Structure formats: structure tokens, C-alpha cells
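J.: Before I ask anything, here is the structure I am working with.
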Amino acid sequence: SQTIHQWPATLVQPVGSPLSLECTVEGTSNPNLYWYRQAAGRGLQLLFYSVGIGQISSEVPQNLSASRPQDRQFILSSKKLLLSDSGFYLCAIRDSYEQYFGPGTRLTVT
Amino acid sequence: GQNIDQPTEMTATEGAIVQINCTYQTSGFNGLFWYQQHAGEAPTFLSYNVLDGLEEKGRFSSFLSRSKGYSYLLLKELQMKDSASYLCAVDGGATNKLIFGTGTLLAVQP
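So the protein lines, in turn, are chains A and B. According to our numbering, the first sequence holds residues 980 to 1089 in order. According to our numbering, the second sequence holds residues 14 to 123 in order.
So this is what it looks like as C-alpha cells:
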């Protein structure tokens, strides 16, 4: 079975600072990978998804970007954080019909 | 457009049965998912329905009617630990992307 790792678990960053969140997956090959954000008290918003190395699709235009340098590595980045970027960031993997989430990174932008 | 509707909050009593409804309107359909999310944690997979009917898994059951764009999650013998948000999500079919509802916050009372 797959294992999804995300780090860091929590992060406090000032407005205007850069961001890099990492997600790595074990136990599968060539998975579909997803980045979601959940703002406080809100639903899950799909930010990016990837069907293979170097293939990134963006769902919502914003100051975030994603990259997939390796098959089982998915990175979420920003050059300058905004207050509105605060939230719970979740990496997910799709395995046949089931979709599993990683433990998440809680980001607070101050 | 794509739309998933669920009640915002529900309250039920320990030991009772509760049904959480979900209606959806999506351009495509490749399955409906239910997730459980405890406060501060990542969502965990509960069930997947792609054909009409009832799928039972222990105390949890999920029902789907594709013609009506309707699903429900049935929780039996409620326990205090079932207090959580329950997320309904639809696979729109194109690229295995899940569209999430905003979730139903279930409070189980003694």
C-alpha cells in the first residue's frame, strides 16, 4: 500500500516570504498526484494535479506553482506569500479508484 | 457547472443512526466518494460508489442514484468518535479530479 509523506507538518511564514512544501510517495509508480488547500472552515480546493513527471495542470490562477521533478515527488512553491495563502495544504494520490491524502501541512502566513 | 451540495451541520445521539445527504451536478461522472475528516487532520477515505445501489462497510453504508444525482452516507450505532466532518466528492471523469462539497459537520451527543 502507498504511503504519503508531507513536510513540514506546520509552518509559520511572514507575508512576502517564499514557500516550498514537499510531498513524496512510496509504494506505487506513476501515480496521479494532487495539491489541495483547505482554508479554515472551508472545503477542499484543488490547486494542481499531475499525471506524470513534469506534467502540471493548474486549477486556480494564483501566486502558487507546482513541480514534479521525480515520479513520486510533488512540490508546491510560492515566490511571495500572501495572507490569503494560509491554510491546510494536502497532497493526495489516486490509486485506481481510491484517492488518499497525506497528513498535510498547516501554513500560517503572518 | 459543477456543484456538490451537503448540509452544513447535523447533530445526532450516540447509538442512533444518521443519514448525510449529498446532491451533485457535474458535467461527467466517474464515481462518488465519501471521506471522514476529524478536526485538524487529513481526510480519510470511507467509501466509493460508481454503480447505483447501496455499499455496506461495517457501521457505514453509502448509497448512490446516478439518475437523481444523489448519494447518502448512513452511519449506524453512532459513537462519540464519529463526530467529524463528512465530505462528499465526485469524480468528474476527465482527469480523475475530485470535486468536493464543503462537508457536513456531524456532532454526536451523549
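We treat Cβ as the ideally placed atom computed from N, Cα and C, and that holds for glycine. Predicted, not measured: the structure shown is a model, and the values here were computed from it.
State the DSSP-derived secondary structure class of residue 89 of chain B, mapped to helix, strand or coil.
T.: Residue state, collapsed to three classes: coil.
J.: Of the residues A/1052, A/1039, A/1049, which one's Cα is nearest the Cα of residue 1015 of chain A?
T.: Comparing Cα-Cα distances from residue 1015 of chain A to each of A/1052, A/1039, A/1049, the minimum goes to A/1039.
J.: The beta strand (DSSP E) that contains residue 31 of chain B, what's its start and end?
T.: Residue 31 of chain B -> beta strand (DSSP E) spans 31-38.
J.: In or out: residue 1064 of chain A buried (at least 16 other Cβ within 10 Å) or exposed?
T.: Buried, since its Cβ has 16 or more Cβ neighbours within 10 Å.
J.: So is residue 1085 of chain A in contact with chain D if we call contact Cβ pairs under 9 Å?
T.: Although the question refers to chain D, the structure presented lacks it and instead comprises the protein chains A and B.
J.: Rounded to whole angstroms, what's the CA-CA distance from residue 993 of chain A to residue 1061 of chain A? Just pull it up for me.
T.: Approximately 8 Å between the Cα atoms of the pair.
J.: Quick one, are the C-beta atoms of residue 101 of chain B and residue 58 of chain B less than 9 Å apart?
T.: The answer is no: Cβ separation not under 9 Å.
J.: Rounded to whole angstroms, what's the CA-CA distance from residue 1008 of chain A to residue 114 of chain B? Just pull it up for me.
T.: Between residue 1008 of chain A and residue 114 of chain B, the C-alpha separation is close to 29 Å.
J.: Check whether the region 20-38 of chain B touches the region 997-1006 of chain A, counting contact only when three or more Cβ pairs, one atom from each stretch, lie closer than 8 Å.
T.: The answer is no - the region 997-1006 of chain A does not touch the region 20-38 of chain B, with fewer than three Cβ pairs under 8 Å.
J.: Can you give me the C-alpha to C-alpha distance between residue 26 of chain B and residue 109 of chain B, rounded to a whole angstrom?
T.: The straight-line gap from Cα to Cα measures roughly 36 Å.
J.: Residue 18 of chain B bridges to which residues according to DSSP?
T.: According to DSSP, which records beta bridges pairwise, residue 18 of chain B is partnered with B/36.
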